[in-house]
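Quick notes on the structure that follows.
Protein chains: 2
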Amino acid sequence: MKLSKRKEKILKAVVEAGMENGEPISSKTIQEKFMPDVSSATIRNELMSLEELGYITHIHTSSGRVPTAEGYKKYVQELMPTKKLTKKEVAQIQSNFTNKLVNLNEIMTRSAQTISDACNYASVVYMGGTGAIIENIKLVELSSTSKLVVVVTDIGVISEIVSLENTSQKDLEEAATILTKLFAGKPIEALEEERYLISQELIKYKELFTKIIFAIAGKYEKRPQIAVAGKEKFMDYPEFENIQKLKNAIKLVDSDEIINNTSDGGEDVEIKISVGDNDLSIVSATYKLKGNKTLSANVVGPVRMDYAKAISVLKEVSDTIKELTDKEI
Amino acid sequence: MKLSKRKEKILKAVVEAGMENGEPISSKTIQEKFMPDVSSATIRNELMSLEELGYITHIHTSSGRVPTAEGYKKYVQELMPTKKLTKKEVAQIQSNFTNKLVNLNEIMTRSAQTISDACNYASVVYMGGTGAIIENIKLVELSSTSKLVVVVTDIGVISEIVSLENTSQKDLEEAATILTKLFAGKPIEALEEERYLISQELIKYKELFTKIIFAIAGKYEKRPQIAVAGKEKFMDYPEFENIQKLKNAIKLVDSDEIINNTSDGGEDVEIKISVGDNDLSIVSATYKLKGNKTLSANVVGPVRMDYAKAISVLKEVSDTIKELTDKEI
DNA sequence: TTTTAGCACTCTTTGTGTTTGACTGCTAAC
DNA sequence: GTTAGCAGTCAAACACAAAGAGTGCTAAAA
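Below you can see the structure in the form of structure tokens.
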């Protein structure tokens with residue numbers, strides 16, 4: 030339903046007051062600050078109407094109005110001005126990505142930290158879709174007793190030392206070739222599937238393969254990769270002064286709940302906003318990476334978060350990541 | 030100064046009451062719980078005496094006694110019973126280390142998490158002394174355009190992909206040999222020293238070397254390696270309900286202050302306890318690793334922490350780490 | 001029909017005084 | 001040296017009043 034211009038203006042005032050300090054705002058203050066041309070009584074009438082529509086509410090009879098989650102939603106969808114980041118802010122974000130990052134895990138960690146710092150809210154970045162896909166397996170001789178197993182995946186390299194005696198350089202090479210042939214293109218979990226352990230191709234290198242599995246096991250996450258940053262930022266907002274609420278917020282960020290909440294994303298960055306569940310709001314930017322993966326960057330903050338800024342930051346970071354991952358080797 | 034047996038008993042009662050719930054204890058309660066054979070008046074006299082000695086104090090005239098930092102120290106040094114971990118607790122700790130861990134960084138992370146979970150306080154584990162020492166550098170061909178740089182150090186393996194065309198397998202091997210010869214035994218920071226970049230030995234592989242440096246830069250920490258776990262555990266204790274105190278505690282744990290606070294450690298595990306600075310207590314276990322490194326595992330918690338348990342856990346974990354690192358390849 | 005002034009009403013916040021109860025500290029007797 | 005007993009202190013809990021902020025409603029003005 031379309032609101033009148035005046036109602037929009039008033040709702041905007043209530044929401045923005047809420048965003049600024051989390052405090053209720055009164056009809057008188059609205060009048061003084063935003064609409065000196067009508068009386069506070071008129072504004073009161075409008076406020077009552079907005080309250081009936083469910084956009085704002087009262088804590089008690091004689092307190093000012095605060096926005097409901099619905100009100101925030103309306104604001105986000107229709108009233109919010111877009112916010113352009115300052116050059117300085119963009120530069121600040123970019124500066125975190127100057128190093129040539131090819132390792133996707135690292136990109137995620139860096140992104141989470143960057144987003145959290147830029148917005149001053151917590152941030153969760155995770156990768157969905159297919160997990161790490163094996164590209165190449167190499168075995169390198171370090172000494173007569175120890176070899177290095179290197180598993181190259183599309184999101185990074187896992188390398189681990191194994192102790193292995195009496196294996197010639199030639200054997201290593203052959204084993205690596207077989208392993209690569211067998212596992213290239215498969216998800217990394219495949220390494221742990223029983224059927225390969227007893228397969229014909231690997232029978233000759235069974236001991237070696239067992240050691241490799243043992244070394245690599247647990248070095249990768251089976252679940253979607255996830256990076257969290259800025260959990261302590263919640264402490265900057267009075268709505269989390271209550272230690273229980275703080276705990277809940279942090280728990281949510283650490284849980285899988287956020288992950289399960291997102292769409293698959295399209296080619297382009299898709300912004301989704303969830304307002305007010307569990308006293309938290311989440312702005313998420315999701316899009317497809319190559320290799321059937323999805324990247325989702327999220328800002329998690331109080332309901333009165335600066336949505337416009339969160340969106341701008343997510344877009345900026347997403348664009349940067351896109352550039353980085355597109356020119357990936 | 031040596032306290033009388035009775036004073037010791039009373040001080041012990043005051044400290045243990047403080048540990049249990051952080052609440053003051055009254056002369057009457059002490060009498061009822063611990064010394065029914067003397068009157069509360071007698072206990073009051075003793076309490077006054079202990080107060081004069083600086084071991085306990087008053088919040089206000091009519092509140093019970095709480096221990097001072099001095100009192101906690103006295104308790105820790107002279108009155109505390111040693112606490113043996115239950116079999117279950119030991120098993121729980123051990124279970125975190127069953128995987129064969131050879132990467133020191135990983136051991137540290139795992140240790141911090143284990144300690145924090147076992148004690149329910151925050152934990153900081155860090156390595157001092159010399160940083161990572163290069164053991165071996167390998168260059169592996171992945172494809173015609175991309176190669177893998179592997180730097181094996183005594184605390185773990187760093188591997189990174191670099192894009193590099195027109196380099197033959199032979200060149201790679203030769204370059205790796207030269208690099209290993211040049212850098213083996215040197216700290217990893219040496220890779221970034223200018224003088225090597227312009228050195229005679231590397232002149233032929235300057236481009237390759239530059240790329241390697243670029244790829245590896247920032248993958249290791251120059252500062253002592255550090256692992257922190259369980260910051261959120263502070264929230265379980267009412268003394269940190271005040272958000273400012275919570276922030277301070279977390280800030281301290283994230284800062285370098287704890288690191289700079291420890292001795293070099295000896296061959297054996299050396300336990301050090303610091304009570305009550307900034308409303309926090311730290312129990313640290315430090316000892317030498319091979320390769321001139323020092324490992325320090327710390328429990329950081331409220332002043333009323335369970336020191337005996339912290340010590341037991343640190344000892345258990347330290348022993349486990351020692352075993353792991355001694356049999357390192 | 002919309003806007004406004006004005007007033008009654010509600011509820012929080014702040015302040016004040018009172019009571020209760022938990023302790024201590026002291027004194028005098030044991 | 002120990003104890004009983006009592007006065008004194010202070011925090012915590014409660015009740016009450018006053019002040020202030022803000023609304024909702026009504027009736028009049030535009």
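Chains R and S, in that order, give the protein sequences. The first sequence lines up with residues 30 to 358 when you count with our numbering. The second sequence lines up with residues 30 to 358 when you count with our numbering. Backbone N, C-alpha and C fix where the C-beta goes; we use that ideal spot for every residue, glycine too.
Residues bridged to residue i (per DSSP)
i                : result
Ser313 (chain S) : S:Lys301 and S:Asn327
Val282 (chain S) : Bridge partners of Val282 (chain S): none, in fact.
Pro216 (chain S) : S:Ile162
Val43 (chain S)  : Per DSSP, none; premise fails for Val43 (chain S).
Ser188 (chain S) : S:Val179
His87 (chain R)  : R:Arg94
Leu318 (chain R) : R:Lys322
Ser33 (chain S)  : In DSSP, Ser33 (chain S) forms no bridge with anything.
Gly157 (chain R) : R:Thr323
Ile255 (chain S) : S:Tyr155
Leu168 (chain R) : R:Val178
Gly295 (chain S) : S:Tyr316
Chain-ordered chain R contacts of residue i [CB-CB under 7 Å]
i                : result
Ser188 (chain S) : Val179, Val186 and Ser188
Asn165 (chain S) : Leu171
Cβ of residue i within 8 Å of any chain S Cβ
i                : result
Val169 (chain R) : yes
Ile242 (chain R) : no
Ile358 (chain R) : With a pLDDT of 43 at Ile358 (chain R), under the threshold of 50, the modelled position of that residue is not reliable, and no figure is offered here.
Under 8 Å from the C-beta of residue i: neighbouring residues of chain R
i                : result
Lys276 (chain S) : Glu261 and Met264
Cutoff 8 Å: residue i Cβ touching any chain R Cβ
i                : result
Glu194 (chain S) : no
Ile300 (chain S) : no
Glu270 (chain S) : yes
Ile245 (chain S) : no
Pairwise C-alpha distance: residue j and residue i
i                : j                : result
Tyr336 (chain S) : Met77 (chain R)  : 59 Å
Ile232 (chain S) : Ile207 (chain S) : 11 Å
Tyr104 (chain R) : Leu82 (chain R)  : 14 Å
Glu261 (chain R) : Glu270 (chain S) : 14 Å
Thr143 (chain S) : Ser341 (chain S) : 13 Å
Lys62 (chain R)  : Ala151 (chain S) : 48 Å
Ala246 (chain S) : Gly160 (chain S) : 15 Å
Ser56 (chain S)  : Gly100 (chain S) : 17 Å
Phe238 (chain R) : Leu177 (chain S) : 21 Å
Met156 (chain R) : Asn132 (chain R) : 13 Å
Thr174 (chain R) : Ser197 (chain R) : 11 Å
Thr58 (chain R)  : Leu108 (chain R) : 20 Å
His89 (chain S)  : Val95 (chain S)  : 11 Å
Lys327 (chain R) : Pro53 (chain R)  : Here residue 327 (chain R) is Asn; the residue named in the question, Lys, does not match the sequence. One C-alpha to the other measures close to 28 Å.
Gln273 (chain R) : Glu118 (chain S) : 28 Å
Ile350 (chain S) : Ala42 (chain R)  : 59 Å
Lys235 (chain S) : Ala219 (chain S) : 16 Å
Glu170 (chain S) : Leu201 (chain S) : 8 Å
Ser325 (chain R) : Val298 (chain R) : 9 Å
Phe263 (chain S) : Val329 (chain S) : 9 Å
Tyr225 (chain S) : Ser172 (chain S) : 28 Å
Cys362 (chain R) : Lys338 (chain R) : Residue numbering for chain R in the displayed model covers 30 to 358; residue 362 (chain R) lies beyond these limits and cannot be assessed.
Val257 (chain R) : Ile302 (chain S) : 32 Å
Glu352 (chain R) : Leu318 (chain R) : 11 Å
Gly185 (chain S) : Arg139 (chain S) : 14 Å
Thr111 (chain S) : Ile217 (chain S) : 42 Å
Thr97 (chain R)  : Val67 (chain R)  : 25 Å
Under 7 Å by beta carbon: chain S residues contacting residue i
i                : result
Ile279 (chain R) : Glu261
Check: residue i C-beta below 7 Å from any heavy atom of the ligand SAH
i                : result
Asp200 (chain S) : Here there are no bound small molecules, and the ligand SAH is not part of this structure.
Along the segment 210-225 of chain S, what residues have a CB closer than 7 Å to any CB found in chain R?
Going along the segment 210-225 of chain S in chain order, one finds no residue with a Cβ nearer than 7 Å to chain R.
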